[in-house]
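Numbering (the working numbering), first residue to last: 10 to 181.
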């Protein structure tokens, strides 16, 4: 229910830029690099004790990010096009925990279109991730975290999953 409240409220309070990089494991092992941009819709909700999640007492918010991505997959054992696939993707992430200091937990999915060694439409799901603050960049929190990313629906052996390093700037 909270998801729809935030979505319908349309509270755009900032943007999120992310870089993700990591391996993917399946029939073929590969490397994935993606750049992501997302407006961040969020609304604060009271928690019983905000210090339970953040010792500094940052406000907890619930958020939604419609995400647009560009990137590349590299599968060294696929010989066509040097094993490289460029892709564009769109999707959404739900953020059940989002704090003013940049800390976030998110999950969602994307639909991608690849062109190159592994052409076609495929799913990028699940996307399960978290990020914690490490500093600031251009006046906004800079966070680092991990993502578990699935790659589904490819019939050429590139479907798989793997951990991704997340570098995220969240201008909330």
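Glycine residues also receive a C-beta, built at the ideal position from the N, C-alpha and C atoms.
- Per DSSP, the continuous beta strand (DSSP E) segment holding residue 45 begins and ends at 39 to 53.
- For residue 73, the enclosing beta strand (DSSP E) has its first and last residue at 69 to 83.
- Counting the other Cβ atoms within 10 Å of the Cβ of residue 104 gives 16 or more, which makes it buried.
- Boundaries of the beta strand (DSSP E) harbouring residue 160: 149 to 160, taken from the DSSP string.
- Note that the C-beta distance between residue 30 and residue 81 is not below 8 angstroms.
- Note that the C-beta distance between residue 167 and residue 125 is not below 8 angstroms.
- DSSP places residue 145 inside the beta strand (DSSP E), whose first and last residues are 129 to 146.
- Less than 8 angstroms divides the Cβ of residue 181 from the Cβ of residue 23.
- Within the same chain, 33, 34, 35 and 160 come within 6 angstroms of residue 169 by CB-CB distance, once the 5 residues on both sides are set aside.
- Within its own chain, the residues whose Cβ lies closer than 8 angstroms to the Cβ of residue 146, once the five positions on either side in sequence are excluded, are 178, listed in chain order.
- In the three-state scheme derived from DSSP, where H, G and I count as helix and E and B as strand, residue 180 is classed as strand.
- Around residue 101, the same chain offers 73, 74, 75, 76 and 117 as residues with beta carbons nearer than 7 angstroms, after the five sequence neighbours per side are excluded.
- Per DSSP, reduced to three states, the secondary structure at residue 90 is helical.
- Distances from the alpha-carbon of residue 122 to those of 112, 133 and 113 put 133 closest.
- When rounded, the separation of the alpha-carbon atoms in residue 86 and residue 158 is 21 angstroms.
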